[in-house]
Amino acid sequence: MASRWIVIVFGSVLLLAALAIVGIAALFLVSGSADDIRYDFVSPSGQVDLYLIETCERGGCTHQAIIEMPGLQGEPIQIRCGLDIEATEPTFGSLDVNWTSDERGVLISFAGADGTEQSISMDLDRDCNL
Numbered sequence: 002m003a004s005r006w007i008v009i010v011f012g013s014v015l016l017l018a019a020l021a022i023v024g025i026a027a028l029f030l031v032s033g034s035a036d037d038i039r040y041d042f043v044s045p046s047g048q049v050d051l052y053l054i055e056t057c058e059r060g061g062c063t064h065q066a067i068i069e070m071p072g073l074q075g076e077p078i079q080i081r082c083g084l085d086i087e088a089t090e091p092t093f094g095s096l097d098v099n100w101t102s103d104e105r106g107v108l109i110s111f112a113g114a115d116g117t118e119q120s121i122s123m124d125l126d127r128d129c130n131l
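In the working numbering, the protein residues as written are 2 to 131.
Right, here's the structure in full:
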């Protein structure tokens with residue numbers, strides 16, 4: 002009789018453990034965590050770094066730029082700028098950046114969700130409050 006109870010208790014524990022693992026796995030699948038994709042570019046002089054970040058979730062994608070440049074004391078400073086790109090799917094699959102001659106602006110060219118080429122001009126002083 003005691004061995005029957007041991008089997009029932011042990012079986013119940015195994016069943017509960019299996020259900021807990023399945024529940025946790027389902028939560029990970031349903032959560033839909035955002036994945037950030039970062040693309041790195043360096044200005045021709047090497048003084049300014051540009052990071053383009055695309056974050057896509059179920060509701061759509063957001064895009065931002067991070068500019069990193071030397072500060073007054075030479076330490077690197079970072080400035081974040083939002084990019085006005087509407088997309089429900091990742092758009093930065095093909096991405097090209099052309100810097101202005103003074104490195105205070107960039108032209109970002111990319112393929113839109115429908116595959117058409119698009120571009121957005123970014124003036125670092127105007128758009129990022131440098």
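By construction, the Cβ of each residue, glycine as well, lies at the ideal position given by its N, Cα and C atoms. Note that the structure is predicted; figures quoted are calculated from it, not measured.
Looking at the DSSP output, D37 shares a beta bridge with T56.
By the neighbour-count definition (other C-beta atoms within 10 Å, threshold 16), I109 is a buried residue. From the listed residues L53, D41, S44, the smallest Cα separation to I86 is found for L53. In the DSSP annotation of this structure, the continuous segment of the alpha helix (DSSP H) that includes L125 starts and ends at 125 to 129. DSSP, read as helix, strand or coil, puts S120 in strand.
Across the set E76, G116, M70, the C-alpha of M70 shows the shortest separation from the C-alpha of V43. Boundaries of the beta strand (DSSP E) harbouring D85: 77 to 88, taken from the DSSP string. A direct Cα-to-Cα measurement between V107 and C57 gives close to 23 Å.
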